[in-house]
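*Asks:*
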Amino acid sequence: MKKINFNSHGSNIAALLYTPENFDANNKYHTIVLCHGFAGFKEVLLPAYAEAFAKAGYIVLNFDYRGFGESEGERGRLVPKLQIEDIHSAIDYIASLDFVDSSKIGLWGTSYGGANAITAAAQNDLVKCLSVQLTFGNGERVITGDMSTEEKEKFVGMIDKMLAKKEKTGKEMMVPLHKVLTDEQSKGFYERYSKEYDAFDIKTPFLTVNETMSHKPENYISDLKIPVLIVASDTDSVNPVEESHILYEKANQPKELMLLEGISHYECYEGEPLQKILAKQIAWFDEFIK
Numbered sequence: 001m002k003k004i005n006f007n008s009h010g011s012n013i014a015a016l017l018y019t020p021e022n023f024d025a026n027n028k029y030h031t032i033v034l035c036h037g038f039a040g041f042k043e044v045l046l047p048a049y050a051e052a053f054a055k056a057g058y059i060v061l062n063f064d065y066r067g068f069g070e071s072e073g074e075r076g077r078l079v080p081k082l083q084i085e086d087i088h089s090a091i092d093y094i095a096s097l098d099f100v101d102s103s104k105i106g107l108w109g110t111s112y113g114g115a116n117a118i119t120a121a122a123q124n125d126l127v128k129c130l131s132v133q134l135t136f137g138n139g140e141r142v143i144t145g146d147m148s149t150e151e152k153e154k155f156v157g158m159i160d161k162m163l164a165k166k167e168k169t170g171k172e173m174m175v176p177l178h179k180v181l182t183d184e185q186s187k188g189f190y191e192r193y194s195k196e197y198d199a200f201d202i203k204t205p206f207l208t209v210n211e212t213m214s215h216k217p218e219n220y221i222s223d224l225k226i227p228v229l230i231v232a233s234d235t236d237s238v239n240p241v242e243e244s245h246i247l248y249e250k251a252n253q254p255k256e257l258m259l260l261e262g263i264s265h266y267e268c269y270e271g272e273p274l275q276k277i278l279a280k281q282i283a284w285f286d287e288f289i290k
């Protein structure tokens, strides 16, 4: 594994490049590009996946979106459109390497990154296989799904007022990450990792919720003509399992839904759940791009 950098729309993107054992630069390798989740960065949660894919014979690119981790960009500014641009830049970079077979590139995304990956894959012909996990199809449904009609109207009204204030003054409310993802599973995650990684000590615009409400990869997944694997858990409190069922129904064949039982959102990154997921995802990529 080595640190590398590439450019995305004028910003320097930091990344980790993983290579298989006995790597030979004269050979051509199949590749997987990883897309991390909400406000994540390459050193947290994803290394276990990257290492496993590399061990299985893949080149793996694990990068930080603009504004997060070690990449350039406005700190904490999460805009799906810009993150999807970064994914395209990552794919262009990896496809340009002499030892990469550009006809065998897979895309992998988790949580928010899964939503990004679906949209990016629908826009990029270089992507030949897709695996997403713990993700969503409609950001508005995830954010407001439990609200009554009255609560939703008040919430949308508040967002509209904040947008108007930003337009008028240029100012907006910035909040810590744990104030955005407030479910118990996410609280435990941030408590565990924020002490270890300073990169989590950032604030993001509260209006990120508005960007997320407009993020609807379910509108793109039916455009995909490539294999799609969706991994979901029935006890995911971040992105409800119903989101994955909707995505699966809208996807074209070949497709598969791997449903885990009793596993929380963040338990999928370690231990036995991780190994089960990896076995399935490696088999999926092996079948279609190896």
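Quick note: the sequence shown, position 140, residue 140 per UniProt numbering, numbers continuous. All C-beta atoms in this analysis are idealised placements derived from N, C-alpha and C, irrespective of residue type, glycine included.
Could you pull out every unbroken beta strand (DSSP E) segment of at least 3 residues lying fully inside the segment 33-119, listed in chain order?
*Replies:* Listed in chain order, the complete beta strand (DSSP E) runs (minimum 3 residues) inside the segment 33-119 are 59-63, 100-110.
*Asks:* To the nearest angstrom, how far is the alpha carbon of residue 149 from that of residue 171?
*Replies:* Approximately 29 Å, taken between the alpha carbons.
*Asks:* Apart from the five residues on each side of it in sequence, which residues of its chain come closer than 6 Å, Cβ to Cβ, to residue 140?
*Replies:* Within the same chain, residue 140 has close Cβ partners 213.
*Asks:* Just reading off the beta strand (DSSP E) that residue 176 is part of, what are its end residues?
*Replies:* It spans 174-176 - the beta strand (DSSP E) in which residue 176 sits, taken as one unbroken run.
*Asks:* Would you identify the three-state DSSP class for residue 252, choosing helix, strand or coil?
*Replies:* Residue state, collapsed to three classes: coil.
*Asks:* On a Cα-Cα basis, can you pick out the residue from 28, 43, 26, 55 that is closest to residue 198?
*Replies:* The shortest C-alpha separation from residue 198 is found at 43.
*Asks:* Let me make sure I understand the geometry here. Which of 104, 6, 83, 219 has the alpha-carbon closest to that of residue 39?
*Replies:* The residue with the shortest Cα to Cα distance from residue 39 is 83.
*Asks:* Is the beta carbon of residue 128 closer than 8 Å to that of residue 89?
*Replies:* Not a contact, by the Cβ cut-off of 8 Å.
*Asks:* Using a Cβ-Cβ cutoff of less than 8 Å, which residues in the same chain neighbour residue 284 once the five nearest sequence positions on both sides are dropped?
*Replies:* The residues are 129, 131, 227, 229, 256.
*Asks:* Output needed for residue 145: all residues of its chain with C-beta closer than 8 Å, excluding positions within five of it in sequence on either side, in chain order.
*Replies:* The answer, listed in chain order, is 240.
*Asks:* At which residues does the beta strand (DSSP E) containing residue 231 begin and terminate?
*Replies:* Note, residue 231: beta strand (DSSP E), 228-233.
*Asks:* Going by other Cβ atoms of all chains shown within 10 Å of its Cβ, with 16 needed for buried, is residue 265 buried or exposed?
*Replies:* Residue 265 is buried by the Cβ-count criterion.
*Asks:* Opposite residue 127 in the DSSP bridges: which residues?
*Replies:* Paired residue(s): 105.
*Asks:* Please name the residue in 215, 137, 11 whose C-alpha comes closest to that of residue 65.
*Replies:* Per the Cα distances, 11.
*Asks:* Straight-line CA distance for residue 20 to residue 147?
*Replies:* Taking the straight line joining both Cα atoms gives about 48 Å.
*Asks:* When you compare only the Cα positions, how much space is there between residue 91 and residue 192?
*Replies:* Residue 91 and residue 192: Cα-Cα distance of roughly 32 Å.
*Asks:* Assuming residue 37 and residue 204 are in contact, meaning their beta carbons sit under 8 Å apart, how far apart are those beta carbons, in whole angstroms?
*Replies:* Contact flag wrong, Cβ pair sits at about 13 Å.
*Asks:* When the Cα of residue 68 is compared with those of 61, 79, 60, 275, which residue comes out closest?
*Replies:* Measuring from the Cα of residue 68, the nearest candidate turns out to be 79.
*Asks:* Could you have a look at residue 279 and say whether DSSP puts it in helix, strand or coil?
*Replies:* Reduced to three states, the DSSP call for residue 279 is helix.
*Asks:* For residue 223 and residue 118, what's the separation of their Cα atoms in angstroms?
*Replies:* Approximately 10 Å, taken between the alpha carbons.
*Asks:* Please check the pair residue 30 and residue 289, which I expect to be a contact at CB under 8 Å, by giving their CB distance rounded to whole angstroms.
*Replies:* About 5 Å; that satisfies the 8 Å criterion.
*Asks:* In whole angstroms, what separates the C-alpha of residue 235 from that of residue 5?
*Replies:* Computed Cα separation, rounded: 37 Å.
*Asks:* Taking the alpha helix (DSSP H) that residue 204 falls in, what are its first and last residues?
*Replies:* Counting along the chain, residue 204 falls outside any alpha helix (DSSP H), though it belongs to the beta strand (DSSP E) covering 203-205.
*Asks:* Taking the straight line between their C-alpha atoms, what separation do you get for residue 62 and residue 169?
*Replies:* Roughly 37 Å between the two C-alpha positions.
*Asks:* Give the C-beta separation of residue 270 and residue 135 to the nearest angstrom, bearing in mind that I take them to be a contact with Cβ-Cβ under 8 Å.
*Replies:* About 19 Å separates the two Cβ atoms, so there is no contact after all.
*Asks:* Specify, as a first and last residue, the run of the alpha helix (DSSP H) that residue 210 falls within.
*Replies:* Where residue 210 is concerned, the enclosing alpha helix (DSSP H) stretches over 208-213.
*Asks:* Does the Cβ-Cβ distance between residue 308 and residue 247 come in under 8 Å?
*Replies:* Here the chain comprises residues numbered 1 to 290, so residue 308 is not present and cannot be evaluated.
*Asks:* Using CA coordinates, which residue listed in 81, 252, 273 is at the minimum distance from residue 232?
*Replies:* Closest option to residue 232, Cα to Cα, is 273.
*Asks:* Would you identify the three-state DSSP class for residue 144, choosing helix, strand or coil?
*Replies:* DSSP places residue 144 in helix when its eight states are reduced to three.
*Asks:* Only counting the same chain, and skipping five residues up and downstream in sequence, which positions put a Cβ closer than 6 Å to that of residue 176?
*Replies:* Excluding positions up to five away in sequence, the list reads 203.
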